[in-house]
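As they're listed, the protein sequences go chains B and U. So the first sequence is numbered by this note's numbering: it starts at 1 and just counts up by one. So the second sequence is numbered by this note's numbering: it starts at 115 and just counts up by one. Even for Gly, the Cβ is constructed at its ideal location relative to N, Cα and C. Remarks on the structure that follows.
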Amino acid sequence: NAGVTQTPKFQVLKTGQSMTLQCAQDMNHEYMSWYRQDPGMGLRLIHYSVGAGITDQGEVPNGYNVSRSTTEDFPLRLLSAAPSQTSVYFCASRLSLGGGPEAFFGQGTRLTVV
Amino acid sequence: DAKTTQPPSMDCAEGRAANLPCNHSTISGNEYVYWYRQIHSQGPQYIIHGLKNNETNEMASLIITEDRKSSTLILPHATLRDTAVYYCIVRAPRTAGNMLTFGGGTRLMVKP
């Protein structure tokens, strides 16, 4: 049981480039979400999904897209990277909206945009 | 979500109990108290949660006051690996957006 797996662990992008951060979970969790964490700050929600085919915006969605074609995968796409998107990105999953209060987090992707 | 207040930092001697306080004076009746921790550069880790009764699991104990306006996370025998930032979060279940709002947390330093 791998839990929540994020790839890559580290990434450097040039301004304007696009890329996809991958997130996969093998726990059959319905609820998945993406957070970013900036130095000295807590987590801020980017996007979330309550099930396959359903996504919604969090606090800071601008510049990011998501899709949820399967229960297992929830990729985060940066459309045109900007230095302000330099951050550590965490993917999290939970059993469902109504069950399992605890969230399981991936180990993070450290992104630097130059 | 109810706002929480935690001390920014605490020290604890290895092998001793670490007691981490959290104030949540505006907590609503249906809101739970959750604790997570984040060890440097790693993803947050769930520790424990509770509504009004005290809770214990293999990692920690959670003591919630009778008026539910504050709580204490207890690590009974702290080890060096418990050095981390500990976050207290208060929220209702079955909430879709903004699942977890982590504030500043308490930076616990366990010393030999």
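- DSSP places Asn137 (chain U) inside the beta strand (DSSP E), whose first and last residues are 132-137.
- Ranked by how close their Cα comes to the Cα of Met19 (chain B), the residues B:Ala92, B:Cys91, B:Gly63 have B:Gly63 in first place.
- Take Leu79 (chain B), set aside five residues on each side of it, and the residues of its chain with a beta-carbon closer than 8 Å to its own are Ser18, Gly63, Tyr64, Asn65, in chain order.
- Annotation for Gln85 (chain B): Gly63, Leu78, Leu111, Val113 place their beta carbon closer than 7 Å to its own, counting only its chain and skipping 5 residues before and after.
- Counting the other CB atoms within 10 Å of its CB gives Pro158 (chain U) a total of 16 or more, which places it among the buried residues.
- Contact with chain U is absent for Phe74 (chain B), since none of that chain's Cβ atoms lies less than 9 Å from the residue's Cβ.
- Annotation: the continuous beta strand (DSSP E) that includes Gly51 (chain B) extends over 43-51.
- Within the same chain, Cβ atoms closer than 8 Å to the Cβ of Gly218 (chain U) are found at Gln120, Pro122, the five residues on either side in sequence being excluded.
- Residue-level contact by beta carbon fails for Gly143 (chain U) and chain B, as no gap is shorter than 9 Å.
- Closest by C-alpha distance to Ser87 (chain B), out of B:Gln37, B:Arg44, B:His47, is B:Gln37.
- Cβ proximity to chain B below 8 Å picks out Gly157, Pro158, Gln159, Tyr160, His163 from the stretch 157-182 of chain U.
- Residue contact with chain B for Gly129 (chain U): absent (no Cβ-Cβ distance below 9 Å to any residue of chain B).
- As DSSP reads the structure, Arg195 (chain U) sits in no beta bridge.
- Counting C-beta atoms within 10 angstroms of its own C-beta, Ile54 (chain B) has fewer than 16 neighbours from the protein chains shown and is therefore classed as exposed.
- Annotation: Leu13 (chain B) has no Cβ neighbours in chain U at a cutoff of 9 Å; minimum Cβ distance is about 20 Å.
- Beta-bridge partners assigned by DSSP to Ile188 (chain U): U:Asn133, U:Ser175.
- Taking a Cβ-Cβ cut-off of 8 Å, the neighbours of Gly108 (chain B) in chain U comprise Ser155, Gln156, Gly157, given in sequence order.
- The residue among B:Asn28, B:Ser96, B:Thr70, B:Phe90 with its C-alpha nearest the C-alpha of Leu21 (chain B) is B:Phe90.
- Bounds of any beta strand (DSSP E) do not take in Ile153 (chain U), whose DSSP letter is neither H nor E.
- Under the Cβ distance rule, Tyr200 (chain U) does not count among the residues neighbouring chain B, no pair being separated by less than 9 Å.
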